[in-house]
Amino acid sequence: MEPQSFVEIKEEWDIVGARQMGRNIAKEAGFGTVDQARIATAISELARNIYLYAGSGTISYEILEKMGRKGLIITATDSGPGIPDLSLVMEDGYTTSGGLGAGLPGVKRLSDEFDLRSEEGKGTTVQCIKWVR
Amino acid sequence: MDNAIKIDAATYKDLLEHYIKTRDEQSLYGAEQVSKSFIKKQILPDEIVNLYIQAMAELYPEMCKDVQASMDFLLETMIAYGLAHQEYQNLREEQLTLKSEISVAANMQKTLLGTTKPEIEGLDIGVVSVPAHQMNGDYHHFVKGEDGSLGIAIADVVGKGIPAALCMSMIKYSMETYPEESTSPKKMLTNLNKVVERNVDPGIFITMFYTHYLPSESTLRYASAGHEPGFYYNAETDSFEEIHSKGIVLGVTPDTEYQQYELPIYPGDMVVLLTDGVTEARDGERFIETEELLDVIKQYADLPAQEMVQQVYKHFERLQDFQLRDDFTLLILKKQV
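Residue numbers (this note's numbering), protein chains in the order written: chain D, 1193 to 1325; chain P, 40 to 376.
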C-alpha cells in the first residue's frame, strides 16, 4: 500500500488542488481518460460540499490492491454540522434541483463503491472507491 | 456494458474512418444507428465522446497535441451531462412506479366507492362519472330504502389530488352509518358536515347535493351544501329551470344547518344533477353556456336515461378534444310516463 496523500479544503481554490492531486494519482494508477474525468468530477463534488457546508475538511487518496484489482479510495472528511437526513440527500433531484451540481447521488454514480456516514453536530465522512477497468 | 462498448467501439471507429474518407450519407446513416444503439444500451454521452477520442488517436497517431488536449477538454464537459442523464433516467423510472401505484389506488377507490344504480318503479335513472385524471374527485351514491324510496348523493371535492379523492370513502361510509337519515336530506347534510369538519384537512371542502325520492308521493326532497345547482325539466311547459337551493359547503363550520326543499315531479319530467366538470366544460378557452348544455341534453331526451347521459358525455368529451379538465359527473332522472 502506498502512503496516503491528502488535500485540505479551506477555500474554493483548494477544490482545484484536490482535483489535480486526484487526477494525477488516478493517471498513475492506470485509469483511462473517462475515469480520470469522472474521478475529478466526484472529487469536485465532495470538495465543494466541504467548502459550502462544513467550511473546512480534507480529501484523502489511497491506492488499494485487492484480488488482483487496483482501485482508488477517495475519502472526504469534515467536522461540520453533519447531515440530518441521509436518505433525503441521497434522493435524486433533491440537491440538484437548485442547479448546484451532481450532489451525493452523482458521486455515488461516479463511483463503484460508496459509503456515507454523518453525525449531526459532529461531521460527515464520504468514502468512495473506483476500480481500474 | 463494457463488452457492449467494445463491440460498438469497433463499429464506431470503422464508420468514422469510412466517413472521413468518403463523406457519404451512408456512413452518417450508420452513425445514426450506432447512436440509437448507444441510447438503448444506456451508454453515457461522456463514453461516446471518449470513443471518438480513442478512435481518432488510433486513426491519427500523429495528431496535433493541441487538438488532443481540446478533445480531453470536451470530454470533461460531458461528465456532468452523463450524470444528469442518469438522474433523469432514474427519475423517469420512479415516475413510472408512481403512476402504477396511483392506478392501483384509483382501482381501489373504484371498489371502495362503488354504488349500484337501483331499480325504482316509475323512475329511469342514468349516470356517468368520468375522472379527468386517474383519481376521481366526484362522487355519487345511491341508497335504496326498505320503503322503496331512493336517496341520491352527488358530490365534488374542492381541492384535487389523491388526498381529496381519498376522503370520499369516508363520506360514503358515514352515509351508510346513518341509514335513518337517508330519508331526510337536511339531516344527512347536517350530519356529514360534522364528519367533514372534524376529520378532513381544512384545505379540503366538499360540495354535495342530496335528494330523497319517494315514489308513492312523486316528490323529491333535497338539500344542497354549496353544490353546483341541477336542473328540472318541466314536461308540461317544455322548459328547464335551475333547481334553487342554499347551503354552505361541507366542513366549514361545525354547526351548520341545512335547508330542505321539495319538488313534485310529473310524468315526462326530468331532473338533471351534475358537478362543475359538466357546467364548466370548455370549448377551447371558452366556457360553455348553460343553454348549450341544456340544448344537448334536450337533443337526446328521447333516449333512455343511461344512453342519454352517455351521449351527453360523448358530446362534451369530443368538444374538449378528449381531454377532460375536470371530473365529469352527470346524473339524470326521468319520471316515466
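Backbone N, C-alpha and C fix where the C-beta goes; we use that ideal spot for every residue, glycine too.
Straight-line spacing of the CA atoms in GLY1315 of chain D and GLY1274 of chain D works out to 4 Å.
GLY242 of chain P sits away from GLY265 of chain P, with the two beta carbons spaced by 8 Å or more.
Look at GLY1315 of chain D here: in three-state DSSP terms it is strand. Residue burial is scored here from C-beta neighbours: PHE361 of chain P has fewer than 16 other C-beta atoms within 10 angstroms and is therefore classed as exposed.
Close to chain D, meaning a Cβ-Cβ distance shorter than 8 Å, are the following residues of the region 129-145 of chain P: ASN129, LEU130 and GLU133.
Against chain D, the beta carbon of GLU97 of chain P has no neighbour under 9 Å; the closest one sits roughly 14 Å away. Against chain P, the CB of GLY1298 of chain D has a partner CB under 8 Å away; the residue lies at that interface.
Collapsing the DSSP output to three states places LEU372 of chain P in a strand. In this structure SER213 of chain P does not touch GLY184 of chain P by the C-beta definition: roughly 17 Å separates them, more than the 8 Å allowed. For ALA1232 of chain D, the closest alpha carbon among the candidates D:GLU1311, D:TYR1245, D:ILE1266 and D:SER1197 is that of D:ILE1266. Listed by position along chain D, the residues whose Cβ is nearer than 9 Å to that of GLN81 of chain P form an empty set, because the closest Cβ is around 12 Å away.
According to DSSP, residue pairing for ARG1261 of chain D in a beta bridge involves D:LYS1258.
Note that the region 271-285 of chain P does not touch the region 187-203 of chain P; fewer than 3 beta-carbon pairs, one per stretch, sit closer than 8 Å. It is roughly 28 Å from the alpha-carbon of PRO157 of chain P to the alpha-carbon of ALA320 of chain P. Ranked by Cα distance from GLU324 of chain P, the options P:LEU54, P:LEU358 and P:SER168 are led by P:LEU358. Rounded to whole angstroms, the gap between the alpha carbons of GLN65 of chain P and TYR58 of chain P is 8 Å. A contact between stretches requires three or more CB pairs, one per stretch, nearer than 8 Å, and the region 134-152 of chain P fails this requirement with the region 103-112 of chain P.
With respect to chain D, the C-beta atom of GLU236 of chain P has no partner C-beta closer than 8 Å. From the listed residues P:GLY316, P:GLU280, P:VAL335 and P:PHE326, the smallest Cα separation to ASP308 of chain P is found for P:GLU280. With respect to chain P, the C-beta atom of GLY1249 of chain D has no partner C-beta closer than 8 Å. For ILE1231 of chain D, there is no enclosing beta strand (DSSP E); the enclosing alpha helix (DSSP H) has its first and last residue at 1225-1241. Judged by DSSP secondary structure, GLU71 of chain P falls within the alpha helix (DSSP H) whose first and last residues are 64-79. Below 8 Å, too few C-beta pairs join the region 1256-1263 of chain D and the region 84-95 of chain P to call them touching: fewer than three.
Interface flag for ALA119 of chain P against chain D is set, since a Cβ pair is found closer than 8 Å.
In the displayed model, THR1267 of chain D falls within a strand according to three-state DSSP.
The three-state secondary structure of VAL310 of chain P, taken from DSSP, is strand. Interface residue (Cβ-Cβ distance to chain D less than 8 Å): ASP85 of chain P is classified as such. The beta carbon of GLY1209 of chain D lies closer than 8 Å to those of VAL1199 in the same chain, with the five residues before and after it left out. Taking 7 Å as the Cβ-Cβ cut-off, the region 1221-1255 of chain D approaches chain P at THR1225, VAL1226, ALA1229, ARG1230 and THR1233, given in chain order. Chain order gives the chain P residues near GLY1285 of chain D as GLU126 and LEU130, where near means a beta carbon separation below 8 Å.
Checking the DSSP bridge columns, you'll see TRP1323 of chain D partnered with D:GLY1263. The CB of ARG1301 of chain D comes closer than 7 Å to the CB of LEU122 and GLN125 in chain P, given here in chain order. When DSSP states are grouped into helix, strand and coil, TYR127 of chain P belongs to the helix group.
In the three-state DSSP reduction, SER208 of chain P falls in the helix class (H, G or I). Separation of SER208 of chain P and ASN232 of chain P (C-alpha to C-alpha, rounded to the nearest whole angstrom) is 15 Å.
Per the DSSP secondary-structure output, ARG1309 of chain D pairs in a beta bridge with D:THR1317.
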